[in-house]
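> Handing you this structure, nothing more for now.
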């Protein structure tokens with residue numbers, strides 16, 4: 003789980019925020035509220051976790067409860083991998 | 190159609206250099222390659238680069254009145270000049286040319302600045318009225334033709350394009366951070382602001398008068414969405430509209446050279462081409478853009494219309510790298526940063542037109558604005574629908590009706606798009622409701638601004654500046670009309686008709702004409718009941734109704750596809766294009782200091798790897814690249830013209846001591 007969180011955070015810092023500073027993003031920061039992703043940006047995120055963690059995300063699963071922070075996303079990926 | 194330029198001494202007589210006028214005209218000779226005309230005395234100097242379309246033999250500008258006390262330099266067309274000329278002759282005026290330009294001189298003699306209301310056309314012009322010591326300049330109602338100006342050492346200098354002003358080396362060339370903020374919010378600058386500090390644009394539907402050194406700008410026309418008191422049946426509206434469009438199209442075929450038409454495969458250009466075919470004797474010659482990438486390509490519908498109307502057609506097929514290749518030239522012509530590559534294929538299209546020996550094309554712009562054709566108008570309806578019952582579990586399903594043509598549709602993830610559509614609009618004037626989600630999304634691209642730009646913008650909000658351009662009446666309109674009003678005042682005038690319209694066509698010496706933007710058509714549509722413009726989520730309802738006998742059902746019933754072109758992909762399909770690496774190099778980014786070096790460079794790598802797919806990334810990339818190119822071409826490497834390069838064999842000069 004911790005490793006998943008790290009990978010996701012690194013992806014967002016490098017590819018969406020273009021930041022080195024680890025403090026630029028907290029694990030619980032809401033992506034929507036912080037303007038990190040918009041409605042098409044979420045597809046970029048989904049694309050990333052599908053490729054990185056070999057999971058498949060259904061349309062119904064693309065909801066803020068699953069995807070809207072590093073912690074939520076990591077928890078979602080973790081659950082997917084267990085199933 | 191042409192390029193105009195000039196100098197006006199505000200306070201006192203002063204020598205005006207003919208060579209300065211020559212340089213100003215020469216740098217915009219793509220607007221008028223058929224010859225130059227100059228007039229100068231000690232107060233005013235006018236220049237004109239001519240693209241001859243009406244009165245090919247006569248019609249050299251600047252043009253004067255009977256006693257040569259009034260002079261004009263004119264860019265554009267007055268489509269009702271034949272009728273105006275007859276009236277003026279019957280009132281005793283004597284004409285020495287057959288051109289439309291001369292009509293304005295005599296109309297001005299009779300009516301002063303009120304002459305504008307008689308003109309049906311697309312124009313920008315300057316008049317020097319010597320007897321009254323008055324300078325008068327104007328632009329058409331929706332801003333089809335451009336006019337820029339600036340002040341330097343007691344003179345005002347003006348021109349069709351900014352580059353012309355920059356040939357005067359007293360004029361400073363500097364990118365305006367507030368303009369950058371506007372482009373990265375609205376996709377365009379808000380007149381009078383332009384991309385460059387102290388370079389101003391006369392807003393659409395405005396005129397300027399300079400008297401006794403005092404410069405006044407006044408509005409002479411605005412959209413009026415106040416509902417029609419004399420309401421008619423749907424059928425009557427449809428028939429009235431059809432008659433108006435037939436007349437507007439016929440007027441726009443007036444020329445002494447052959448006239449062609451663009452055919453995109455959408456309903457608007459199909460309407461125009463069908464009207465030409467069915468209601469005029471003009472031999473129909475059509476042109477279109479096709480894309481290698483099927484996402485953007487509309488060839489199927491173009492072919493259908495070509496067969497249906499049996500037109501003589503030429504097509505240019507556009508690849509990713511084609512766009513990448515022409516992009517620096519596109520920015521030389523737009524003279525502003527842009528967030529989309531969509532102008533580039535139109536630049537290629539106008540070249541195709543010119544290469545086929547045509548100088549004039551009719552095109553469908555304006556229809557989406559006046560008949561509520563864009564997605565933004567559907568979005569506003571959908572948001573209002575969802576707000577009627579915010580807790581409904583089912584209302585948000587309507588979002589699925591939006592964007593069927595998008596591969597990466599934002600409505601794929603319904604809950605996320607709900608977040609977009611439920612944007613907080615508090616803190617903005619109520620009349621901005623329709624556009625706030627879009628402006629907010631676009632504004633995310635400002636994330637890349639450098640610290641210097643962010644500091645200069647501290648506390649500034651571009652939406653405040655927009656309010657000054659709008660009519661107070663907007664607050665009284667229904668929400669659909671408010672959305673249309675905003676769209677016309679922003680994107681139509683300062684992006685579609687300029688960056689994507691005038692500048693792309695004139696870049697290859699081609700004049701666009703727009704039957705949907707005849708002011709009679711606009712005024713008619715503004716007065717229509719809103720549900721005849723968009724009925725439920727059917728856009729352009731009344732247009733389809735009025736044209737249903739003229740077009741095949743496959744065209745009137747097809748899913749609307751907005752005109753778009755590939756953005757980021759255009760620059761990385763064949764490896765990276767050299768200038769992209771140069772514009773994103775650490776040195777260039779640091780020197781221009783418009784964007785954060787580290788963020789921009791990392792973003793470039795993301796784009797190179799093909800990882801950038803969202804709207805925001807696409808807009809940001811094209812925005813950064815075009816801003817850098819603008820700085821490069823206009824500030825770093827602005828060309829200096831030597832007078833030897835100017836062809837003096839095609840000059841007509843009038844000098845008055």
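Chains as they are written, first to last, in my numbering: chain A, 3 to 85; chain B, 190 to 846.
Each residue gets a CB set at the ideal place from its N, CA and C atoms; glycine is no exception.
Please determine, among B:244, B:647, B:423, the residue with the shortest C-alpha to C-alpha distance to residue 285 (chain B).
With distances taken between CA atoms, residue 285 (chain B) lies nearest to B:244 out of B:244, B:647, B:423.
> So that I know if they touch, is there some Cβ in chain A lying closer than 8 Å to that of residue 799 (chain B)?
no
> Is the beta carbon of residue 223 (chain B) closer than 8 Å to that of residue 210 (chain B)?
For residue 210 (chain B) and residue 223 (chain B), no; Cβs fall outside 8 Å.
> Taking only runs of the beta strand (DSSP E) that begin and end inside the region 209-266 of chain B, which ones reach a length of at least 3 residues, in chain order?
225-229, 233-239
> Would residue 694 (chain B) and residue 815 (chain B) qualify as a contact pair, given that the criterion is a beta-carbon distance under 8 Å?
no
> My output table needs one value for residue 43 (chain A): the three-state DSSP class, helix, strand or coil.
helix
> Taking the alpha-carbon of residue 287 (chain B) as reference, which of B:249, B:300, B:279 has the nearest alpha-carbon?
B:249
> When burial is assigned at 16 or more other CB atoms within 10 Å of the CB, is residue 295 (chain B) buried or exposed?
buried
> Going along chain A, which residues have a C-beta under 8 Å from residue 784 (chain B)?
Neighbours of residue 784 (chain B) on chain A: none; closest Cβ ~11 Å, over 8 Å.
> Just verifying my parser: in three-state terms, what is the DSSP assignment at residue 506 (chain B)?
Here residue 506 (chain B) carries a strand assignment [DSSP, helix/strand/coil].
> Rounded to whole angstroms, how far is the Cβ of residue 456 (chain B) from the Cβ of residue 745 (chain B), which I believe are closer than 8 Å?
6 Å
> Helix, strand or coil for residue 345 (chain B), going by three-state DSSP, please let me know.
strand
> 8 Å is my cut-off, CB to CB: does residue 847 (chain B) come that close to chain A?
This structure cannot speak to residue 847 (chain B), because chain B is shown only from 190 to 846.
> So that I know if they touch, is there some Cβ in chain A lying closer than 8 Å to that of residue 822 (chain B)?
no
> Along the region 15-28 of chain A, where does the CB come closer than 9 Å to a CB of chain E? Name the residues.
Absent from the structure: chain E. Protein chains present are A and B.
> So, residue 484 (chain B) versus residue 537 (chain B), is the Cβ gap smaller than 8 Å?
no
> Quick one: list the residues of chain A neighbouring residue 802 (chain B), beta-carbon separation under 9 Å, in chain order.
Scanning chain A for C-beta atoms nearer than 9 Å to the C-beta of residue 802 (chain B) yields 42, 43, 45, 46, 49, reported in chain order.
> Runs of 4 residues minimum, wholly inside the region 262-347 of chain B: which ones carry the alpha helix (DSSP H) assignment?
270-279, 290-300
> For residue 405 (chain B), count neighbouring Cβ atoms within 10 angstroms of its own Cβ and tell me buried if that reaches 16, exposed if not.
exposed
> Specify the secondary structure class of residue 613 (chain B) as computed by DSSP and reduced to three states.
coil
> Can you tell me where the beta strand (DSSP E) with residue 405 (chain B) in it begins and where it stops?
403-408
> CB residue 33 (chain A) to CB residue 61 (chain A), shorter than 8 Å?
no
> Can you pull the chain A neighbours of residue 467 (chain B), defined as C-beta to C-beta under 9 Å?
One finds nothing in chain A with a Cβ atom closer than 9 Å to the Cβ of residue 467 (chain B); even the nearest lies about 42 Å away.
> Can you grab the Cα-Cα spacing for the pair residue 20 (chain A) / residue 788 (chain B), in whole Å?
The alpha-carbon atoms of residue 20 (chain A) and residue 788 (chain B) are separated by roughly 5 Å.
> DSSP on residue 730 (chain B), reduced to helix/strand/coil?
helix
> Can you tell me which of the three DSSP states residue 501 (chain B) falls into?
strand
> Cβ of residue 620 (chain B) within 8 Å of Cβ of residue 673 (chain B)?
no
> Identify the contact partners of residue 386 (chain B) in chain A, using a Cβ-Cβ distance below 8 Å as the criterion.
The premise fails here: residue 386 (chain B) is roughly 29 Å from chain A at the closest Cβ pair, so nothing lies under 8 Å.
> How long is the line joining the alpha carbons of residue 501 (chain B) and residue 530 (chain B), rounded to whole angstroms?
28 Å
> What is the rounded straight-line gap between the Cα of residue 318 (chain B) and the Cα of residue 303 (chain B)?
15 Å
> Work out the CA separation of residue 266 (chain B) and residue 332 (chain B) for me, nearest whole Å.
When rounded, the distance between both Cα atoms is 13 Å.
> Can you find the residues in the same chain that come closer than 8 Å, C-beta to C-beta, to residue 394 (chain B), ignoring five residues on each side of it along the sequence?
So the list reads 328, 329, 330, 331, 332, 408, 409, 410, 411, once near-sequence residues are dropped.
> Residues of chain A with CB under 9 Å from residue 788 (chain B), in chain order?
19, 20, 21
> Please name the residue or residues paired with residue 840 (chain B) in a DSSP beta bridge.
B:225
> Touch check for the region 424-440 of chain B and the region 466-481 of chain B: three-plus C-beta pairs under 8 Å?
Segments in contact, yes.
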